[in-house]
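Peer 1: One structure coming up, written as structure tokens, with questions to follow.
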Amino acid sequence: MARSSDDVRQDIRHPRPTSALNRWWAIVLLTLLPDIVTAQSRTARPLRIFLDCESCSSDYMRNETRWVEFVRDRTVSDVHVLVTDINTGSGGEEYTIEMVGLGSYAGRVDTLRLVVPPTQTSTERRDALTRIIQLGLVPFAARTAIASRIRVSLDGEDDEKEERATPANDPWKAWVFEAAVSGSIERESRQRSSNVGASFEASRVTSLWKAGFDADFDRRRNRFELEERTVTSTRESYSSNVILVRSFGPHWGAGAQAAISSSSFANTKRAIRAAPAIEYSIWPYEEATRKQLTLQYSLGVSDFTYREETLFDRFHETRPTQTFVAGYDIQQRWGDAEAEFQYSNYVDDPKQYRLEFDANLNVRISRGLQLELGASASQIRDQLSLVKRGASDDEVLLELQALRTDYQLNGYIGLRFTFGSIFNSVVNPRFGGGPGELLR
350 MARSSDDVRQ DIRHPRPTSA LNRWWAIVLL TLLPDIVTAQ SRTARPLRIF
400 LDCESCSSDY MRNETRWVEF VRDRTVSDVH VLVTDINTGS GGEEYTIEMV
450 GLGSYAGRVD TLRLVVPPTQ TSTERRDALT RIIQLGLVPF AARTAIASRI
500 RVSLDGEDDE KEERATPAND PWKAWVFEAA VSGSIERESR QRSSNVGASF
550 EASRVTSLWK AGFDADFDRR RNRFELEERT VTSTRESYSS NVILVRSFGP
600 HWGAGAQAAI SSSSFANTKR AIRAAPAIEY SIWPYEEATR KQLTLQYSLG
650 VSDFTYREET LFDRFHETRP TQTFVAGYDI QQRWGDAEAE FQYSNYVDDP
700 KQYRLEFDAN LNVRISRGLQ LELGASASQI RDQLSLVKRG ASDDEVLLEL
750 QALRTDYQLN GYIGLRFTFG SIFNSVVNPR FGGGPGELLR
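Using the numbering used here, you'd call the opening residue of the sequence shown number 350 and step up by one each time.
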């Protein structure tokens, strides 16, 4: 029978009479003890992974990482893989991958980062994210039975084919542009609809400055043939925004914003607003992928030209405005939460104001049980552009005119409970992953 470590320690403190042969075996045992402990510390079963990633292709990752076991319950996993992302200045994405050890791996936390340029396809992004997650799992897998089969190699092909973009050789000077056009059409016997849209964006982001410009146009047309008449509707809008922000350390930012817009729904022929703004971040901005709490204030001027006479007998007016915004966003192992509070008013008449609050919460309550909550509420006292004549029945039903309201409310709640087998590493794409639609 093997002797326990307590017996060995007792023998060292209080030596017992023993033969030379027994003493020799004791010496051999103490010499081999580190190797025995190391061998026992290696897990015989595959590494269990809980993948917490909304932007990952989970089926692809399971299929390409068959040397681990994916589970759907964090509490039975060995490693919690938490993936979050944030937009980069070039229009790409920076992923932060946190590997959190659980159970026998508790205490080990590794963080990796991956920057994906905007020119990559979804397939290239999927492959890169899968590779970096696999790399992060290697230190954990090294403590399992497959440790002796792990091989790590360096692929230098990308370095040979593509020179790394730096400020010295970037012909675009960090500027990124994006243009898009779209159109759709839908027809039936008694109704038809069409939509045309276009957009343009330009941005330049450095550690010190952030500049951006965007413009959007949208036009929707509908036609309905009723029993006694035909109803047509057209809804059109455009907007353009400019922003310039300078960084002042890890917590402060200051800049200016300007916008011009037009909307048939809001009765604005032209709306112009310009305002300087300042923002303070409670946590350093570099932690934005995990947690963020910001406070922003702006003070400016708004100029309105209306399509029709308003409730206040105006076709044009210029008003001083101010806005305060508090935003909170956190992504942790227990789930994620975000909330925003916004207050704005017209400085010359504080009774004309708007309060807005929006919040979303996703929490893992217990094994397999997840709670989803969301709510938004607004108190509205600043509808300056409402048409004086009111809205016709057709305009109300077709949502062609904004209607007077003192508030807006929205909310949802959901519970998701998953039970049964905790193992889900197998990928089977037959029939599209579901039973299909049998009846219509």
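Glycine included, every Cβ here is placed at the ideal spot set by N, Cα and C.
A quick note: this is a predicted structure, and the numbers were derived from the prediction, not measured.
So what's GLU447 in DSSP terms, helix, strand or just coil?
Peer 2: By one-based count along the sequence shown, residue 447 stands at place 98. The answer is strand: DSSP assigns GLU447 an E or B state.
Peer 1: Counting only the same chain and skipping the five closest in sequence on each side, list residues whose C-beta sits under 6 angstroms from that of ARG539.
Peer 2: As a position in the sequence shown, residue 539 is number 190, starting the count at 1. Answer for ARG539: GLU574, listed in chain order.
Peer 1: Would the beta-carbon of ARG703 fall within 8 angstroms of that of ILE729?
Peer 2: Stepping through the sequence shown from its first residue, residue 703 is reached at position 354. Stepping through the sequence shown from its first residue, residue 729 is reached at position 380. Contact flag set, yes.
Peer 1: Residues bridged to GLU403 by DSSP?
Peer 2: Counting from one through the sequence shown, the residue named residue 403 turns up at place 54. Answer by DSSP bridge pairing: none, since GLU403 is not bridged.
Peer 1: Could you tell me which residues DSSP pairs with ARG397 in its beta bridges?
Peer 2: As a first step, residue 397 is located in the sequence shown; it is residue number 48 there, counting from the start. The partner list for ARG397 (beta bridge, DSSP) reads GLU418.
Peer 1: Between ALA637 and ILE435, what straight-line distance do the alpha-carbon atoms span, to the nearest angstrom?
Peer 2: The residue labelled residue 637 in the question sits at position 288 within the sequence shown. The residue labelled residue 435 in the question sits at position 86 within the sequence shown. Rounded to whole angstroms, the gap between the alpha carbons of ALA637 and ILE435 is 8 angstroms.
Peer 1: Kindly list the residues whose CB is nearer than 6 angstroms to the CB of SER582, restricted to its own chain and excluding five residues on each side of it in sequence; keep chain order.
Peer 2: Within the sequence shown, the letter at position 233 stands for residue 582. Excluding residues within five positions, the ones whose Cβ falls inside 6 angstroms are ASN571, LEU747, LEU749.
Peer 1: With a 10 Å radius around its C-beta and 16 neighbouring C-beta atoms as the bar for buried, classify VAL417 as buried or exposed.
Peer 2: The residue labelled residue 417 in the question sits at position 68 within the sequence shown. Result: buried.
Peer 1: For the candidate residues ARG536, ALA675, GLY485, whose alpha-carbon lies nearest to that of SER630?
Peer 2: By one-based count along the sequence shown, residue 630 stands at place 281. If you compare the alpha carbons of ARG536, ALA675, GLY485 with that of SER630, the shortest gap goes to ALA675.
Peer 1: Using three-state DSSP, classify GLN389 as helix, strand or coil.
Peer 2: Translated into positions along the sequence shown, residue 389 becomes position 40. Confidence at GLN389 is low in this model, with a pLDDT of 46, below 50, so its placement is unreliable and the value that follows should be read with caution. It is helical.
Peer 1: Within its chain, find whatever has a CB closer than 8 angstroms to the CB of GLY769; leave out the 5 residues flanking it on each side and keep chain order.
Peer 2: Within the sequence shown, residue 769 is the residue found at index 420, counting from 1. Around GLY769: no qualifying Cβ.
Peer 1: In chain order, which beta strand (DSSP E) runs of at least 3 residues are fully inside the segment 563-605?
Peer 2: 579-597
Peer 1: Given a threshold of 16 other Cβ atoms within 10 Å of its Cβ, counted over all protein chains shown, does ARG622 qualify as buried or as exposed?
Peer 2: Here the question's residue 622 lines up with position 273 in the sequence shown. That one is buried.
Peer 1: Suppose you measure from the CA of PHE673 to the CA of VAL545; what does that come to, to the nearest Å?
Peer 2: Along the sequence shown, read from residue 1 onward, the residue named residue 673 stands at position 324. Along the sequence shown, read from residue 1 onward, the residue named residue 545 stands at position 196. Cα to Cα, PHE673 sits roughly 34 angstroms from VAL545.
Peer 1: What is the rounded straight-line gap between the Cα of VAL721 and the Cα of THR754?
Peer 2: Against the sequence shown, residue 721 aligns to sequence position 372. Against the sequence shown, residue 754 aligns to sequence position 405. Checking the sequence shown, residue 721 turns out to be Glu, not Val. Taking the straight line joining both Cα atoms gives about 28 angstroms.
Peer 1: Among the residues of its own chain, which have a CB less than 6 angstroms from the CB of GLY602, if the five just before and after it don't count?
Peer 2: The residue given as residue 602 occupies position 253 in the sequence shown. So the list reads VAL594, SER596, GLU628, once near-sequence residues are dropped.
Peer 1: Out of curiosity, what's the CA-to-CA distance linking SER426 and VAL420?
Peer 2: Numbered from 1 along the sequence shown, position 77 holds the residue referred to as residue 426. Numbered from 1 along the sequence shown, position 71 holds the residue referred to as residue 420. Spanning the two alpha carbons is a distance of roughly 7 angstroms.
Peer 1: Please list, in chain order, all residues of the same chain as SER588 whose beta carbon is under 6 angstroms from its beta carbon, the five residues on each side excluded.
Peer 2: Within the sequence shown, residue 588 is the residue found at index 239, counting from 1. Excluding residues within five positions, the ones whose Cβ falls inside 6 angstroms are ASP565, SER610.
Peer 1: Mapping DSSP to helix, strand and coil, what is GLY769?
Peer 2: Here residue 769 corresponds to residue number 420 of the sequence shown, with the count starting at 1. Coil.
Peer 1: Taking just the CA atoms, how far does THR667 sit from ALA708?
Peer 2: The residue given as residue 708 occupies position 359 in the sequence shown. The residue given as residue 667 occupies position 318 in the sequence shown. Roughly 33 angstroms separates the two Cα atoms.
Peer 1: Helix, strand or coil for GLU537? Go by DSSP, reduced to three states.
Peer 2: In the sequence shown, the residue the question calls residue 537 occupies position 188. The answer is coil: DSSP assigns GLU537 none of H, G, I, E or B.
Peer 1: Could you tell me which of ILE482, SER586, ARG423, GLU413 sits nearest to ARG569, measuring between CA atoms?
Peer 2: Counted from its first residue, the sequence shown places residue 569 at position 220. Here the closest residue by C-alpha is SER586.
Peer 1: From GLU687 to GLU577, what does the alpha carbon distance come to, in whole angstroms?
Peer 2: Sequence index remark: in the sequence shown, residue 687 carries index 338 (1-based). Sequence index remark: in the sequence shown, residue 577 carries index 228 (1-based). Taking the straight line from one Cα to the other gives about 50 angstroms.
Peer 1: Just how far apart, CA to CA, sit TRP524 and SER542?
Peer 2: Here the question's residue 524 lines up with position 175 in the sequence shown. Here the question's residue 542 lines up with position 193 in the sequence shown. Those two C-alpha atoms are separated by around 37 angstroms.
Peer 1: Check the DSSP bridge columns for PHE653 and list the partner residues they point to.
Peer 2: The residue you call residue 653 lines up with position 304 of the sequence shown. Paired residue(s): ALA620, GLU666.
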